[in-house]
Amino acid sequence: DCSVLQPKIGIVNVICGPGSIEQAHQPNEFIDIEEMITSVDVYLEIATHFDSR
(Lines of atoms letter the chains of each structure in order from A and count residues from 1; the text may use other names and numbers.)
(Lines give C-alpha, C1' and ligand atoms only; values in the text may rest on other atoms or scores of the structure.)
Protein backbone atom coordinates (compact mmCIF):
# COMPACT_ATOMS: atom_id res chain seq x y z
CA ASP A 1 0.00 0.00 0.00
CA CYS A 2 2.79 2.43 0.84
CA SER A 3 4.37 2.07 -2.58
CA VAL A 4 1.08 3.20 -4.12
CA LEU A 5 0.09 5.85 -1.57
CA GLN A 6 3.44 7.59 -1.06
CA PRO A 7 3.73 9.03 -4.58
CA LYS A 8 0.08 10.14 -4.48
CA ILE A 9 0.03 11.83 -1.06
CA GLY A 10 3.72 12.65 -0.65
CA ILE A 11 4.25 11.65 2.97
CA VAL A 12 6.98 9.52 4.46
CA ASN A 13 5.95 5.93 5.17
CA VAL A 14 7.45 3.22 7.30
CA ILE A 15 6.92 -0.42 6.44
CA CYS A 16 7.56 -2.91 9.19
CA GLY A 17 6.28 -6.20 10.42
CA PRO A 18 7.24 -9.55 11.79
CA GLY A 19 8.73 -12.35 9.73
CA SER A 20 11.15 -12.70 6.88
CA ILE A 21 10.61 -10.65 3.74
CA GLU A 22 11.46 -13.77 1.74
CA GLN A 23 8.41 -15.47 3.29
CA ALA A 24 6.06 -12.54 2.75
CA HIS A 25 3.05 -13.23 0.53
CA GLN A 26 4.10 -16.81 -0.18
CA PRO A 27 1.70 -19.77 -0.08
CA ASN A 28 3.57 -21.12 2.96
CA GLU A 29 4.02 -17.76 4.72
CA PHE A 30 4.57 -18.05 8.48
CA ILE A 31 6.11 -16.23 11.43
CA ASP A 32 7.43 -17.50 14.74
CA ILE A 33 5.24 -16.77 17.75
CA GLU A 34 8.15 -14.90 19.39
CA GLU A 35 8.34 -12.57 16.37
CA MET A 36 4.61 -11.90 16.68
CA ILE A 37 4.94 -11.08 20.39
CA THR A 38 7.87 -8.75 19.68
CA SER A 39 5.92 -7.00 16.92
CA VAL A 40 3.00 -6.38 19.28
CA ASP A 41 5.39 -4.79 21.77
CA VAL A 42 6.85 -2.56 19.03
CA TYR A 43 3.40 -1.50 17.77
CA LEU A 44 2.31 -0.65 21.32
CA GLU A 45 5.43 1.44 21.85
CA ILE A 46 4.83 3.31 18.58
CA ALA A 47 1.16 3.92 19.41
CA THR A 48 2.04 5.09 22.92
CA HIS A 49 4.67 7.47 21.56
CA PHE A 50 2.33 9.10 19.05
CA ASP A 51 -0.55 9.18 21.52
CA SER A 52 1.58 11.20 23.95
CA ARG A 53 2.27 13.99 21.45
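In this text, residue positions in the sequence shown follow this note's numbering: the first is -12, and each later residue adds one.
The C-beta atom is built at its ideal place from N, Cα and C for all residues, glycine as well.
What you are looking at is a predicted structure, and each value in this text was computed from that prediction instead of being measured.
The ligand MG heavy atom lying under 8 Å from the CB of residue i
i          : result
residue 17 : Ligands displayed in this structure: none; no statement on the ligand MG is therefore possible.
Length of the line joining the Cα atoms of residue i and residue j
i          : j          : result
residue 34 : residue 14 : 31 Å
residue 22 : residue 5  : 6 Å
residue -7 : residue 36 : 23 Å
residue 17 : residue -4 : 32 Å
residue 19 : residue 39 : 31 Å
Where the alpha helix (DSSP H) through residue i begins and ends
i           : result
residue 34  : 20 to 38
residue -11 : -11 to -4
For residue i, the nearest candidate out of the options (CA to CA)
i         : options           : result
residue 7 : 38, 32, 26 and -1 : 26
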